[in-house]
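Sequence lines, in order, name chains A and B.
So for the first sequence, the working numbering puts the first residue at 68; every next one is plus one.
So for the second sequence, the working numbering puts the first residue at 68; every next one is plus one.
Below: the structure, in structure tokens.
2 protein chains.
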Amino acid sequence: MPVAAGSVRIFDTTLRDGEQAPGAGLTAAEKLEVARQLARLKVDVIEAGFPAASPGDFEAVNRIAREIKGGIAIAALARCRDGDPQRAIEAIKVAERPHLHVFIATSDIHLKHKLRIDRPTALAEAVKWVRHGRKALGRDAEIEFSAEDASRTDPDFLMEVYRAVVEAGASTVNIPDTVGYAIPSEFGALVGRVVAMVGSEATVSVHCHNDLGLATANTLAAVQAGARQVEVTINGLGERAGNASLEEVVMALRTRPTQFPELGSGVQTEHLTAASRLVSYLTGFAVQPNKAIVGGNAFAHESGIHQDGVIKNPLTYEIMTPQSVGLSGSSLTIGKLSGRKGLGGKLHDLGYDLEGETLDAIYRQAIALADAKKDVTDDDLIALVEARVAEVPQAVRLQGWNVTSSHGGNATGMVSLAVGDEDHAKAAIGNGPVDALFAAVDEALEPVLGWHPILETYEIKAVSGGEDAQGRVLVRCRRSTDVGPGALVVSGHGLSTNIIEASLDAYLVGVNKLHGAGVAGAAAGFVGRRTAQELP
Amino acid sequence: MPVAAGSVRIFDTTLRDGEQAPGAGLTAAEKLEVARQLARLKVDVIEAGFPAASPGDFEAVNRIAREIKGGIAIAALARCRDGDPQRAIEAIKVAERPHLHVFIATSDIHLKHKLRIDRPTALAEAVKWVRHGRKALGRDAEIEFSAEDASRTDPDFLMEVYRAVVEAGASTVNIPDTVGYAIPSEFGALVGRVVAMVGSEATVSVHCHNDLGLATANTLAAVQAGARQVEVTINGLGERAGNASLEEVVMALRTRPTQFPELGSGVQTEHLTAASRLVSYLTGFAVQPNKAIVGGNAFAHESGIHQDGVIKNPLTYEIMTPQSVGLSGSSLTIGKLSGRKGLGGKLHDLGYDLEGETLDAIYRQAIALADAKKDVTDDDLIALVEARVAEVPQAVRLQGWNVTSSHGGNATGMVSLAVGDEDHAKAAIGNGPVDALFAAVDEALEPVLGWHPILETYEIKAVSGGEDAQGRVLVRCRRSTDVGPGALVVSGHGLSTNIIEASLDAYLVGVNKLHGAGVAGAAAGFVGRRTAQELP
Numbered sequence: 068m069p070v071a072a073g074s075v076r077i078f079d080t081t082l083r084d085g086e087q088a089p090g091a092g093l094t095a096a097e098k099l100e101v102a103r104q105l106a107r108l109k110v111d112v113i114e115a116g117f118p119a120a121s122p123g124d125f126e127a128v129n130r131i132a133r134e135i136k137g138g139i140a141i142a143a144l145a146r147c148r149d150g151d152p153q154r155a156i157e158a159i160k161v162a163e164r165p166h167l168h169v170f171i172a173t174s175d176i177h178l179k180h181k182l183r184i185d186r187p188t189a190l191a192e193a194v195k196w197v198r199h200g201r202k203a204l205g206r207d208a209e210i211e212f213s214a215e216d217a218s219r220t221d222p223d224f225l226m227e228v229y230r231a232v233v234e235a236g237a238s239t240v241n242i243p244d245t246v247g248y249a250i251p252s253e254f255g256a257l258v259g260r261v262v263a264m265v266g267s268e269a270t271v272s273v274h275c276h277n278d279l280g281l282a283t284a285n286t287l288a289a290v291q292a293g294a295r296q297v298e299v300t301i302n303g304l305g306e307r308a309g310n311a312s313l314e315e316v317v318m319a320l321r322t323r324p325t326q327f328p329e330l331g332s333g334v335q336t337e338h339l340t341a342a343s344r345l346v347s348y349l350t351g352f353a354v355q356p357n358k359a360i361v362g363g364n365a366f367a368h369e370s371g372i373h374q375d376g377v378i379k380n381p382l383t384y385e386i387m388t389p390q391s392v393g394l395s396g397s398s399l400t401i402g403k404l405s406g407r408k409g410l411g412g413k414l415h416d417l418g419y420d421l422e423g424e425t426l427d428a429i430y431r432q433a434i435a436l437a438d439a440k441k442d443v444t445d446d447d448l449i450a451l452v453e454a455r456v457a458e459v460p461q462a463v464r465l466q467g468w469n470v471t472s473s474h475g476g477n478a479t480g481m482v483s484l485a486v487g488d489e490d491h492a493k494a495a496i497g498n499g500p501v502d503a504l505f506a507a508v509d510e511a512l513e514p515v516l517g518w519h520p521i522l523e524t525y526e527i528k529a530v531s532g533g534e535d536a537q538g539r540v541l542v543r544c545r546r547s548t549d550v551g552p553g554a555l556v557v558s559g560h561g562l563s564t565n566i567i568e569a570s571l572d573a574y575l576v577g578v579n580k581l582h583g584a585g586v587a588g589a590a591a592g593f594v595g596r597r598t599a600q601e602l603p
Numbered sequence: 068m069p070v071a072a073g074s075v076r077i078f079d080t081t082l083r084d085g086e087q088a089p090g091a092g093l094t095a096a097e098k099l100e101v102a103r104q105l106a107r108l109k110v111d112v113i114e115a116g117f118p119a120a121s122p123g124d125f126e127a128v129n130r131i132a133r134e135i136k137g138g139i140a141i142a143a144l145a146r147c148r149d150g151d152p153q154r155a156i157e158a159i160k161v162a163e164r165p166h167l168h169v170f171i172a173t174s175d176i177h178l179k180h181k182l183r184i185d186r187p188t189a190l191a192e193a194v195k196w197v198r199h200g201r202k203a204l205g206r207d208a209e210i211e212f213s214a215e216d217a218s219r220t221d222p223d224f225l226m227e228v229y230r231a232v233v234e235a236g237a238s239t240v241n242i243p244d245t246v247g248y249a250i251p252s253e254f255g256a257l258v259g260r261v262v263a264m265v266g267s268e269a270t271v272s273v274h275c276h277n278d279l280g281l282a283t284a285n286t287l288a289a290v291q292a293g294a295r296q297v298e299v300t301i302n303g304l305g306e307r308a309g310n311a312s313l314e315e316v317v318m319a320l321r322t323r324p325t326q327f328p329e330l331g332s333g334v335q336t337e338h339l340t341a342a343s344r345l346v347s348y349l350t351g352f353a354v355q356p357n358k359a360i361v362g363g364n365a366f367a368h369e370s371g372i373h374q375d376g377v378i379k380n381p382l383t384y385e386i387m388t389p390q391s392v393g394l395s396g397s398s399l400t401i402g403k404l405s406g407r408k409g410l411g412g413k414l415h416d417l418g419y420d421l422e423g424e425t426l427d428a429i430y431r432q433a434i435a436l437a438d439a440k441k442d443v444t445d446d447d448l449i450a451l452v453e454a455r456v457a458e459v460p461q462a463v464r465l466q467g468w469n470v471t472s473s474h475g476g477n478a479t480g481m482v483s484l485a486v487g488d489e490d491h492a493k494a495a496i497g498n499g500p501v502d503a504l505f506a507a508v509d510e511a512l513e514p515v516l517g518w519h520p521i522l523e524t525y526e527i528k529a530v531s532g533g534e535d536a537q538g539r540v541l542v543r544c545r546r547s548t549d550v551g552p553g554a555l556v557v558s559g560h561g562l563s564t565n566i567i568e569a570s571l572d573a574y575l576v577g578v579n580k581l582h583g584a585g586v587a588g589a590a591a592g593f594v595g596r597r598t599a600q601e602l603p
């Protein structure tokens with residue numbers, strides 16, 4: 068479909084390029100949850116994955132293509148080689164608006180060292196698979212072609228490729244700055260040249276990486292040069308230093324209309340904060356306090372000079388309001404909640420629309436939390452909502468535990484686990500209480516499962532201030548039997564006012580995810596990691 | 068001093084604008100440690116603080132001005148109002164190269180709502196204090212003038228101001244994008260106009276904020292337009308979404324010489340990673356994994372496509388080498404350390420030059436750590452080094468503790484503290500072990516000190532993978548008697564393979580910092596927070 072006059076098409080690739088960030092892997096269920104949030108944001112295109120990479124990736128893309136409606140296009144990535152585009156088409160053809168995205172590298176360094184083919188071969192493959200996509204999906208579908216490493220490609224050859232793929236049926240041509248190498252002025256000039264050549268026949272798109280901190284700027288320079296699709300991710304997630312950040316690009320278009328005359332996006336910016344939190348939670352990737360738009364300090368002022376100005380007139384230092392990105396300034400004490408309905412309204416203000424059983428469950432948890440800690444804050448409520456997002460089947464369940472630890476000595480811990488109908492209890496010692504209890508879990512599980520989890524990441528953050536705060540634990544782990552760079556690494560979260568309990572919960576979420584992946588494989592929704600072996 | 072031909076002057080404001088980020092406050096000793104690291108990096112100017120803000124800030128700037136040599140200029144900020152420039156001059160006049168930085172807002176919104184003065188008054192004050200600075204510091208000193216909110220100032224008035232201050236003796240004119248509002252193309256045009264007007268008589272400088280994610284791009288656009296000083300911070304630290312990031316600007320200049328012909332900086336980029344870690348550690352501000360240059364994933368590759376390319380030729384996806392920013396790829400097992408000397412060499416490779424007693428202490432700790440955990444990694448060593456950076460006098464010392472906790476019940480903990488010659492032991496219950504022990508600390512201290520700490524932040528991160536990893540705890544706390552937005556909030560770190568021990572250590576560092584601030588105030592080196600009351 069053509070881009071509406073006066074708007075920039077927002078192509079979100081959080082679930083494809085974003086999810087490629089090492090350690091950010093998501094299950095299919097988690098990907099679907101992110102897709103739902105992207106639908107709430109009203110992005111134009113969701114790139115859901117790379118179906119040829121693994122059966123799990125195919126399944127995730129296909130589920131999103133089946134479920135997400137409302138005029139949002141669902142894109143899938145494919146290399147220009149036999150098998151890839153077919154799998155991608157198979158995964159997305161059920162979508163309301165399928166959007167096929169084929170790519171091949173065009174820079175000499177990639178052609179020579181990675182693909183080991185010459186320019187004419189690359190050009191022929193590009194044309195072949197664009198034509199294939201157009202034929203398979205029909206004249207109304209979106210067929211996008213990307214020239215990987217475009218910013219380091221010989222410009223004349225690049226133009227030849229774009230010209231040829233548009234003639235072969237591509238409706239969008241994408242210019243990726245794959246290695247994050249471009250400077251805005253030169254990138255704008257390159258984009259302008261492509262727009263001048265094929266802009267009347269196809270939408271010109273850009274995809275910028277952030278290796279020099281310039282992804283957002285390059286994307287905006289491209290829009291000023293005539294690009295009308297931008298490929299972006301929530302929180303700037305992505306390989307290495309990530310991609311252009313959706314929230315930065317969208318808010319720049321909105322905040323500076325004189326610089327982008329009659330250009331904007333349809334994104335509902337008041338859902339940005341909730342989207343950022345969800346992606347950060349599910350991937351376990353923190354957003355730094357000084358991240359633009361969605362960082363914890365983005366709307367906070369410290370220096371006396373600034374405080375004073377902001378008190379006198381917010382416009383002295385704020386060019387956007389916190390409300391415009393969905394930041395609610397208020398805090399909450401649970402006593403003031405007028406029951407379940409009040410909670411629903413409060414959560415709505417925070418960007419979460421819950422009802423029925425889910426709302427009931429959160430309400431019960433909030434009431435219980437109010438017994439355990441003095442003040443229940445907005446952050447506490449958000450943590451409760453997020454904890455429900457990534458639930459997994461509990462093949463292994465925690466029955467009980469205890470631990471003692473003291474100055475200078477080892478800690479001693481006991482856990483009791485239920486695996487199916489059987490109870491397994493073990494005691495162990497460790498450097499500290501968490502180490503001791505995790506060791507007890509390992510000892511209990513090894514004889515039953517034939518493996519135990521290996522911990523790769525362990526983090527706790529208090530959800531709010533105060534000594535009685537809820538602790539949120541993140542772990543990443545893999546199976547002891549699964550080694551090497553292709554090993555499946557899963558994340559697990561736990562939330563409790565007792566950090567030991569939260570730690571055990573998180574560890575067992577990891578165990579259950581790893582167990583599910585082992586039992587049912589891709590069918591259980593695990594998006595397998597890609598390895599160098601799988602993708603030459 | 069004029070900028071050398073063919074180079075961009077790197078003006079680091081981590082200790083001034085960076086440290087204004089809410090929650091990033093540093094003690095004078097910590098500021099000095101950062102200044103030493105900036106000297107290792109070989110920045111051209113260190114903006115050390117805002118001496119008129121508080122006696123603590125004055126003291127910190129003055130200590131840095133006395134200690135840091137090697138041709139690095141030391142800058143201090145001052146408003147254009149009686150008292151400020153005098154204090155700034157007093158603080159920096161001992162420096163090898165004093166650099167006075169005076170500013171006044173020039174945009175109508177700031178003049179009207181914050182300063183409540185008209186344009187001619189602002190212009191007269193600017194000229195007056197530039198002239199004062201030139202007279203006080205002599206003809207060789209650097210006198211810099213900033214027009215706050217320049218990017219929202221009427222351009223004609225802005226030019227009038229810059230013209231006048233250069234005539235009054237300013238050797239540098241700075242163009243701040245105070246609210247992070249500018250877009251690179253327009254900002255470059257503005258800078259070009261200033262360069263054309265006064266560029267032959269003064270150095271043109273820029274200071275960009277990151278509210279729309281464009282600080283680095285605006286800074287580079289300014290360099291392309293003729294700016295020859297850039298004001299930047301490590302990790303992009305700063306108020307709200309922060310400032311332009313030193314590492315991004317410096318690495319862009321270095322990586323793209325054809326875009327910045329004959330322009331570079333004297334920064335020793337192989338110290339960037341150590342500088343980033345130090346600032347992150349001392350401020351407690353995490354660097355997100357996808358942060359350009361210094362993020363944990365900045366040089367990591369996940370997707371099969373990328374892995375494959377990087378294995379075949381790193382240049383396919385890497386435009387910089389990890390070594391160029393001081394990232395060592397190697398890991399280490401302590402058994403392989405050939406004693407104390409081997410450790411010194413290893414630490415040197417990681418960007419830390421230690422000797423004498425400090426190296427001995429780290430060596431002893433590393434050997435002890437090798438008993439407690441299987442593998443001692445680079446990250447473990449860095450954590451040991453960093454833990455020594457922010458040591459504080461121990462008025463309150465931990466003597467002993469124990470704790471028990473179990474599923475579904477409260478935790479019970481006991482701590483024994485030494486305060487001066489007296490022992491104070493208390494037991495308490497809590498939701499979890501840390502809550503119980505912190506409550507016991509509170510109960511033990513309240514009768515002795517008249518206050519107890521209030522916890523505002525609590526975070527743990529495992530330093531490396533594995534269940535036996537060291538946990539590093541960060542707390543932020545204030546005194547229970549100190550409330551409101553002006554309250555002194557301090558951070559404390561703890562490091563141990565037992566997370567309970569690390570938590571108590573961190574809490575007591577916080578207690579001792581708060582106690583030191585109470586006993587000796589600014590003289591103990593505490594840089595007091597600025598409040599709206601202090602600075603109208």
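A virtual CB, placed ideally from N, CA and C, is assigned to each residue, including glycine.
Is T383/B helix, strand or coil when you go by DSSP? helix
Among the candidates P243/A, V297/A, L345/A and L93/A, whose CA atom is the shortest distance from the CA of A450/A? L345/A
Would you please verify whether the beta carbon of G533/B is less than 8 Å from any beta carbon of chain A? yes
Quick test of the definition: if touching needs 3 or more C-beta pairs under 8 Å, does the region 297 to 316 of chain B touch the region 346 to 356 of chain B? yes
Please compile the residues from chain A whose C-beta is within a distance smaller than 7 Å of the C-beta of G305/B. N357
Anything in chain A within Cβ reach of S332/B, meaning under 9 Å, just list it in chain order. By Cβ distance, chain A contributes nothing, its closest Cβ being about 14 Å from S332/B, past 9 Å.
In angstroms, rounded to a whole number, what distance separates the CA positions of D84/A and S312/A? 12 Å
Answer yes or no: do A503/B and T479/B have a C-beta to C-beta separation smaller than 8 Å? yes
Using the beta-carbon of each residue, which ones in chain A are nearer than 9 Å to G491/B? Note on residue identity: the sequence assigns His, not Gly, to residue 491/B. Ordered by position in chain A, no residue passes the 9 Å Cβ test against H491/B, which lies about 15 Å from the chain.
Can we count I77/A as close to the ligand FAD, meaning its CB is less than 7 Å from some heavy atom? By its list of ligands, the structure shown contains no ligand whatsoever, and the ligand FAD lies outside what it can speak to.
Just the C-alpha distance for I242/B and K440/B, rounded to the nearest angstrom, thanks. 52 Å
Could you name the residues of chain A that E315/B contacts, counting a contact when the two beta carbons are closer than 7 Å? L279 and G280
Please determine if the region 135 to 154 of chain A and the region 180 to 196 of chain A are in contact, where contact requires at least 3 C-beta pairs separated by less than 8 Å. yes
Against chain A, with Cβ distances strictly below 8 Å, would K441/B count as a contact? no
Throw me the rounded Cβ distance for the I139/B and V110/B pair, which I believe falls under 8 Å. 7 Å
Note down, in chain order, every chain B residue with its Cβ under 7 Å from the Cβ of R323/A. I250
Grab the span of the alpha helix (DSSP H) containing W605/A for me, first residue to last. No answer is possible for residue 605/A: the residues shown for chain A start at 68 and end at 603.
Report the rounded CA-to-CA distance for L182/B versus A172/B, giving the unit in angstroms. 8 Å
Using DSSP with H/G/I as helix, E/B as strand and the rest coil, what is S267/A? coil
P222/B by DSSP, collapsed to three states: which one? helix
Between which two residues does the beta strand (DSSP E) containing T350/B stretch? No beta strand (DSSP E) contains T350/B, which is instead part of the alpha helix (DSSP H) from L339 to T350.
Can you tell me which of E534/B, P520/B and K528/B puts its alpha carbon nearest to the alpha carbon of G532/A? P520/B
How far does the beta strand (DSSP E) with L414/A in it reach, from first residue to last? Premise fails: L414/A lies in the alpha helix (DSSP H), G406 to D416, not in any beta strand (DSSP E).
Which word fits A256/A, buried or exposed, when buried means at least 16 other C-beta atoms lie within 10 angstroms of its C-beta? exposed
With DSSP run on the structure shown, which of helix, strand or coil describes H519/B? coil
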